[in-house]
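From first to last, the protein sequence lines stand for chains F and B. In terms of this note's numbering, the first sequence has 221 at position 221, counting the first letter as 1, and numbering is strictly consecutive. Going from the second sequence to this note's numbering is simple: count from 1 and add 1000.
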Amino acid sequence: MDDEEHEARIAALFRDAATDAPEPGFDIGDVVGASRRITRRRRSALAGAALAVLAVVAVGLTAGFGAGSSSELTTASAGSASGAGAPEAAKAAAPEAAAAPDAAGGLGSGGAGSDGAAGSDLAAPRPGTTAPGMAGVAAGAVPAVGTPLGPGTGECANRQDPALRALVEQVLPEAVGAPEAATTTECRPGGERGLVLEVRDGTSSGLLSVTYLPPGEAPTDTGVAEHAASTGSAGTVIVSARPDRAGDPAPFADRIDMVVAYLAPRL
Amino acid sequence: VAEGEQEFDAYFRARRDAVRRTAYLLCGDWHRADDHAQAAFVALHRHWRRIRDRAALDAWMRRTLVRSIVDESRRPWRRERSTDVPGGDAGRRPGGRVSSEAAVDGPADGVATRHVLVDGLRSVPPRQRAVLVLRFLEGLDVAATAELLGCSPGTVKSQTAHGLDALRAALGDALDDLRPAG
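Below, the structure is given as structure tokens:
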């Protein structure tokens, strides 16, 4: 038996192995319906992220104005803006982002495809507006925030959690508009949160995966390079990035630690 | 828009079963296979209007499916084992090898042969399993498999060899057709 014949016989075995298919568990209606739900949710999440960014901008401007108008209290005001005002805004922004999908759930139900560009304009933080979180992380000091997002509340974990996405987009503006990667509909415990995006970082592209595990659920070794940290709600946040092509640099590889540091106190 | 939906509908009806079969051999469980296949079709629907090259749809679906299943196999919650195969793990020896009792009727009984192969595939590492499925179920050559997985042809060849070795190690002499050529 030569190689070609051997491969043909293996191929016949493989084809035969998948012939006893049960009735399909989904039809075209399920697919189109799920697609439209995801599109609606994503638009809502983008709107939530935009609101969060606007809130940060508003608080930042207010604090800056206050500092500029009070010559005697300049130092104190600046300290307040970076030490308390901005984190308070972030604290307010996270619950808003979490609530946005429900609050804005009735937004348009158009097809997939047009939401990314609009979302980018709306939600991309402007230079300086993410400074409270970014600057704190860059300086090695994780900014103190208020009530962390904590475990999910649904019956099943959301694999593309809009509230988690809103936070990721705050620290990684390049994630705004990034397509969601395919995930399964398997029901995981509702306390978990997940996010998997197809991201591009310059010339490298790949998957950015963010997972929140609730308190008591320990991460296991998954065999890929991951960055993890305990969160403000005593859970665990795990962030990983891997390239599309083996051997290429993972997207945002040099910023994953910063993302973890930013997310940990907010989750 | 309506024309696009009709095109998607036609593609879905033409390819659903093939995509489900591929997903099944990749994950070894029809329920999960349906989950992955549906997720891939949902992703395709969301990108449908932006896909210019309709000739590349099959490759896009394969890539999405493989990425989804391999990625999930690396996640902490994907550690549990499927028990979808009739008989569950009853035919397995400790260490993952299929027992000779389970394979006794294999070559003579088509149904048993299928289950033996699927059971054996589940013990092959995910990337190697993906290479085997793409090459032997989907019929892709080495170059096409390498392009789809984003690796070199040499890697595909070595993964094929290692994957078949792992499959033989799991099945023992259950399936004669898996014996090396020559």
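Glycine included, each C-beta is placed from N, C-alpha and C at the ideal position. The structure presented is a predicted model; accordingly, all values stated were derived computationally and were not measured.
For Ser-204/F, there are no neighbours in chain B by C-beta distance under 9 Å, as the nearest C-beta there is about 12 Å away. Per the coordinates, the alpha-carbon of Asp-1017/B lies some 8 Å from the alpha-carbon of Pro-24/F. In this structure the region 241–251 of chain F lies against the region 191–209 of chain F, because at least three pairs of beta carbons, one per stretch, are closer than 8 Å.
Among the residues facing chain F, Val-1133/B is included, as its CB has a counterpart in that chain under 9 Å away. As computed with DSSP, Pro-243/F is found in a beta bridge with Gly-206/F.
Assigned with DSSP and collapsed to three states, Val-32/F falls in helix.
In the DSSP assignment, Asp-1058/B falls within the alpha helix (DSSP H) that extends over 1057–1073. In terms of beta-carbon proximity, Phe-252/F stays away from the interface with chain B, with every pair separated by 9 Å or more. Secondary structure note for Ser-230/F: its beta strand (DSSP E) is the uninterrupted segment 227–230.
The beta-carbon of Leu-149/F is placed no less than 9 Å from the nearest beta-carbon of chain B. Using a Cβ-Cβ cut-off of 7 Å, Ile-28/F is close to Asp-1009 and Phe-1012 of chain B, given in chain order. Contact of Ser-1158/B with chain F is not assigned, every C-beta pair being separated by 9 Å or more. Just measuring C-alpha positions, the residue of Leu-172/F, Val-56/F and Val-32/F sitting nearest Asp-1009/B is Val-32/F.
Look at Gly-25/F: its C-beta is under 9 Å from a C-beta on chain B.
Residue contact with chain B for Glu-155/F: absent (no Cβ-Cβ distance below 9 Å to any residue of chain B).
Counting only residues of its own chain and dropping the five nearest sequence neighbours on each side, Ala-157/F has a CB closer than 8 Å to the CB of Cys-187, Arg-188, Pro-189, Gly-190, Gly-191, Glu-192, Arg-193 and Gly-194. Excluding the 5 residues flanking it on each side, Ala-1059/B has same chain C-beta neighbours closer than 7 Å at Leu-1148, in chain order. Listed along the chain, the chain F residues whose CB falls inside 8 Å of the CB of Gly-1139/B are Ala-11.
Contact of Glu-1003/B with chain F is not assigned, every C-beta pair being separated by 9 Å or more. Out of Ala-264/F, Ala-241/F, Val-196/F and Thr-183/F, the CA that lies nearest to the CA of Leu-1065/B is found in Thr-183/F. Contact annotation: Glu-217/F and Ile-38/F have beta-carbon atoms that are not nearer than 9 Å.
Distance from Arg-1135/B to Thr-1145/B at the Cβ level is roughly 6 Å; contact confirmed, criterion being Cβ atoms closer than 8 Å. Glu-198/F: not part of any alpha helix (DSSP H); member of the beta strand (DSSP E) spanning 193–201, first to last residue. Annotation: Cβ neighbours of Thr-39/F in chain B (cutoff 7 Å, chain order): Arg-1046. The closest CA to that of Met-258/F, considering only Pro-243/F, Ala-178/F, Pro-173/F and Ala-17/F, is found on Pro-173/F. Close to Gly-1150/B, with beta-carbon spacing below 7 Å, are these residues of chain F in chain order: Asp-244, Arg-245 and Ala-246.
Straight-line spacing of the CA atoms in Val-199/F and Ile-1069/B works out to 18 Å. Legend: CB atoms of the region 159–173 of chain F lying less than 8 Å from CB atoms of chain B are not found in any residue.
When beta bridges are read from the DSSP output, Leu-213/F appears opposite Thr-236/F. At least 9 Å separates the CB of Pro-249/F from every CB of chain B.
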